[in-house]
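When we follow our numbering, the leftmost residue of the sequence shown carries the number 2, and every step to the right adds one.
Input: a single structure, listed below in structure tokens.
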Amino acid sequence: MKIKVLSLFPEILEAYFSASIMKRAVAKGLVSYELVDIRDYAYDRHRKCDDEVFGGGAGMLMKPEPLDRALEAAGSPALRTIYVTPSGRLFNQAMAADFAREENLVILCGRYEGIDQRIIDTRVTDEVSIGDYVLSSGEVAAMVVVDAVYRLIPGVISGESLAEESFSSGLLEYPQYTRPEEYATMHVPEVLVSGNHAAIARWRLKASLVKTLAYRPELLHTIDLSSELGRLLKEVIDGGGENEPRTADSGGTGADRPARI
Ligand code: 6GU
């Protein structure tokens, strides 16, 4: 996949693309990237990219001409063009999977109060918000979108890791433990060291349900209560027996860790 990111501050993104798992994906040839400084497409010698809002109001807007020229050069809107903005559609794993199927992505980072609507109308294919809060920097949101997308490209991360993580199943991930088996008088749940793979799978699924019920109950609304998963959910709601993942208010799911001081 080739990713082009258009920004007034491309240096914010450079470190992200040249480190860690992204660095490896680029080295393997799975991802290539281009960081475009929108200012290089400004018309005047002051390289002005913003202006006041027609109709009044606080703040400055990004002007259409530099954006139009930069996006034209990047191949928009023939290529999928994502504008990251708090007034976009809420980003989620399904959107990430959809974007991951593209050969090319163009991502536009806004600054100031946003961009001229005519650019959205003619060059942008997807307006995406990463959550219900306001960031001062679209670059941070662009990194979030790129990170969620490129790791789904085959070969970047092992398929097994992808299959087990939160959201790929529609549930939050179950709690996990590593050595030592006893730490500061806390024990790893016995079933996880039992070697009984069926029992482990059942415990993990139930623990996922417990955690999802505590933190994100709205994710459970689509579960068919007459299915096997629905039956397990009912067991979780009615309270589990011994060796079962504990409910959020009785400890052990990570959903109830002590408040930080
Ligand atoms: Cl995509 N951009 C900015 N600036 N703030 C946001 C956002 C995006 N998504 C949520 N808040």
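The C-beta atom is built at its ideal place from N, Cα and C for all residues, glycine as well.
Quick check on L210: does DSSP put it in helix, strand or coil? Taken through DSSP and simplified to helix, strand or coil, L210 comes out as helix.
For S8, does the three-state DSSP call read helix, strand or coil? S8: strand per DSSP, three-state reduction.
According to DSSP, is V37 part of a helix, a strand, or is it coil? Three-state result, V37: strand.
Continuous beta strand (DSSP E) assignments of at least 3 residues falling wholly in the region 108-173: The qualifying runs are 127-130.
For I238, the first and last residue of its enclosing alpha helix (DSSP H): Start and end: 229-239.
Residue burial classification, I121 (beta-carbon count within 10 angstroms, cutoff 16): Taking all protein chains in view, the Cβ of I121 is crowded by 16 or more other Cβ atoms within 10 Å, so the residue is classified as buried.
Tell me where the alpha helix (DSSP H) around D69 begins and ends. Note, D69: alpha helix (DSSP H), 65-75.
Mind the definition here: the region 78-92 touches the region 25-40 only if three or more C-beta pairs lie below 8 Å; say whether that holds. The region 78-92 makes no contact with the region 25-40; the number of CB pairs closer than 8 Å stays below 3.
If M2 and L106 are in contact, beta carbons under 8 Å, what's the gap, nearest whole angstrom? In this structure M2 is in contact with L106, their Cβ atoms being roughly 7 Å apart against a cut-off of 8 Å.
Nearest to H47 by alpha carbon, out of P67, T179, G30, V54? The shortest Cα separation from H47 among P67, T179, G30, V54 belongs to P67.
Whole angstroms is fine: what's the gap from G196's alpha carbon to E183's? Going from the Cα of G196 to the Cα of E183 covers about 17 Å.
Just confirm the distance between the C-beta atoms of M61 and D117, as a whole number of angstroms; I'd bet it's less than 8 Å. M61 to D117, Cβ: 11 Å. No contact.
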